[in-house]
Amino acid sequence: MQFENLQVEWRGPVAIVTIDRPDKLNALNRRTIEELHQAFDTFAGDDEVRAVVVTGAGDKAFVAGADISEIRDQTPLQARGFSERGQQLMRRIETMRKPVIAAINGFALGGGLELALACHLRYAADSARLGLPEIKLGIIPGFGGTQRLARVAGKGRALEMMLAGEPVDAETAERHGIVQGVVFDGLVLDRATGFAQRLAKSAPHATSAILAATDRGPDMSLDAALAFETARFALCCATEDMREGTAAFLEKRKPEFTGR
Numbered sequence: 247m248q249f250e251n252l253q254v255e256w257r258g259p260v261a262i263v264t265i266d267r268p269d270k271l272n273a274l275n276r277r278t279i280e281e282l283h284q285a286f287d288t289f290a291g292d293d294e295v296r297a298v299v300v301t302g303a304g305d306k307a308f309v310a311g312a313d314i315s316e317i318r319d320q321t322p323l324q325a326r327g328f329s330e331r332g333q334q335l336m337r338r339i340e341t342m343r344k345p346v347i348a349a350i351n352g353f354a355l356g357g358g359l360e361l362a363l364a365c366h367l368r369y370a371a372d373s374a375r376l377g378l379p380e381i382k383l384g385i386i387p388g389f390g391g392t393q394r395l396a397r398v399a400g401k402g403r404a405l406e407m408m409l410a411g412e413p414v415d416a417e418t419a420e421r422h423g424i425v426q427g428v429v430f431d432g433l434v435l436d437r438a439t440g441f442a443q444r445l446a447k448s449a450p451h452a453t454s455a456i457l458a459a460t461d462r463g464p465d466m467s468l469d470a471a472l473a474f475e476t477a478r479f480a481l482c483c484a485t486e487d488m489r490e491g492t493a494a495f496l497e498k499r500k501p502e503f504t505g506r
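Per my numbering, the very first residue in the sequence shown carries number 247; after that it's consecutive.
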């Protein structure tokens with residue numbers, strides 16, 4: 247895959263996507279958003295891809311936000327379209343049935359934090375700063391930040407961050423549940439990629455089922471969510487991977503999952 251603003255690297259079954267606009271602190275402009283759509287559509291349809299890692303070029307920023315130079319002169323109708331397209335991207339990532347992990351290096355602000363929140367898991371460098379400062383521009387988060395941050399950190403913490411518009415450091419983000427771990431600067435990509443490679447060895451159907459159940463379940467009644475879980479459990483039991491996994495357990499060996 248060839249892109250203007252992305253670099254894609256393969257480490258076995260793990261695809262590493264680097265947003266590569268370091269002169270703009272990797273800000274999300276329209277072209278970058280469209281390229282991310284294209285990349286994730288490709289990953290979703292490629293059985294060789296078992297997990298994805300998203301990061302930013304350089305050590306200053308994961309993604310410092312949406313590209314303000316594009317936002318400034320938008321009409322309300324154009325702004326609506328921009329927000330909707332960004333939300334579609336974040337939902338595309340969030341509903342991926344393969345693990346997506348954010349490796350947050352430097353600033354993850356505005357659209358950058360919204361991108362990270364759409365990923366299933368997040369790891370941050372200890373110098374990272376995370377926030378939704380849109381209120382300082384006279385706008386609000388438009389790529390799903392008002393919804394996902396509250397779901398991850400709780401309504402009070404999310405309102406505090408959004409209304410004040412001040413970023414938090416990596417350790418605070420970990421305490422709030424925004425990231426799952428903090429590592430030394432320069433090591434965050436290795437941490438995220440290492441965990442992605444570990445997840446890539448798991449049974450793909452079971453991985454997909456877990457991601458689907460945890461994505462859809464919170465919007466259902468408990469009874470409906472439990473029924474959905476049962477249906478996915480039953481489907482897993484129809485796979486060759488289930489037979490391989492149970493046989494490997496009983497035979498005291500490591501399973502070799504094929505995705506069938």
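Glycine is no exception: its CB is placed at the ideal position from the N, C-alpha and C atoms. Keep in mind it's a predicted model, so treat the numbers as computed, not measured.
Close Cβ partners of residue i (< 6 Å) along its chain, the five nearest in sequence each way excluded
i, result
"R338", "F286"
"L390", "As written in the sequence, residue 390 is Gly, which differs from the Leu given in the question. Same-chain partners within the cutoff: Q333, M336, E360."
"A446", "P259, V260, R296, A297"
"F289", "A261, V295, V298"
"H366", "P345, V346"
"E340", "A364"
"G311", "A273, L355, G356, G357, G358"
"A396", "A404"
"A394", "Looking at the sequence itself, residue 394 is Arg, so the reference to Ala does not match. The answer, listed in chain order, is L363."
"A471", "G463"
Other residues of its chain near residue i: CB distance less than 8 Å, five sequence neighbours each side excluded
i, result
"E281", "F249, E250, N251, L252"
"A459", "A471, F474, E475, R478"
Backbone secondary structure at residue i - three-state DSSP
i, result
"Y354", "According to the sequence provided, residue 354 is Ala. The question's Tyr does not apply to it. DSSP places A354 in strand when its eight states are reduced to three."
"V508", "A query on residue 508 cannot be resolved here, the shown segment of the chain reaching from 247 to 506 and no further."
"Q253", "strand"
"L378", "coil"
"R462", "helix"
"I386", "coil"
"T301", "strand"
"P271", "The residue you asked about is not Pro; residue 271 is Leu in the sequence shown. Residue state, collapsed to three classes: coil."
"F430", "coil"
"I347", "strand"
"G480", "A small correction: the amino acid at residue 480 is Ala; Gly does not occupy that position in the sequence shown. Three-state result, A480: helix."
"R489", "helix"
"A307", "strand"
"I456", "helix"
Within 8 Å, strictly: CB atoms of residue i and residue j
i, j, result
"K344", "T453", "yes"
"G352", "S373", "yes"
"R368", "I350", "yes"
"E370", "V425", "A small correction: the amino acid at residue 370 is Ala; Glu does not occupy that position in the sequence shown. Yes, the Cβ-Cβ distance between A370 and V425 is below 8 Å."
"F512", "M466", "Because the chain spans 247 through 506 in this model, residue 512 falls outside it and cannot be assessed."
"G491", "H451", "no"
"F275", "D305", "It should be pointed out that residue 275 corresponds to Asn in this sequence rather than to Phe. The answer is no: Cβ separation not under 8 Å."
"G388", "L355", "no"
"T418", "M408", "no"
"V300", "A273", "no"
"A399", "H422", "yes"
"G302", "T264", "yes"
"F503", "A438", "no"
"R375", "D415", "yes"
"L271", "A325", "no"
7 Å Cβ shell around residue i - same chain, five flanking residues per side excluded
i, result
"M488", "C482"
Span of the beta strand (DSSP E), counted from its first residue to its last, around residue i
i, result
"A325", "Per DSSP, A325 belongs to no beta strand (DSSP E); it is in the alpha helix (DSSP H), 322 to 340."
"E264", "According to the sequence as given, residue 264 is Thr; it is not Glu. It spans 260 to 265 - the beta strand (DSSP E) in which T264 sits, taken as one unbroken run."
"A371", "367 to 371"
Span of the alpha helix (DSSP H), counted from its first residue to its last, around residue i
i, result
"L435", "434 to 446"
"F289", "276 to 291"
"R394", "391 to 399"
"E316", "314 to 317"
Proximity test, residue i beta-carbon vs the ligand PLP heavy atom, cut-off 7 Å
i, result
"R276", "Annotation note on the ligand PLP: not contained in the displayed structure, which lists no ligands."
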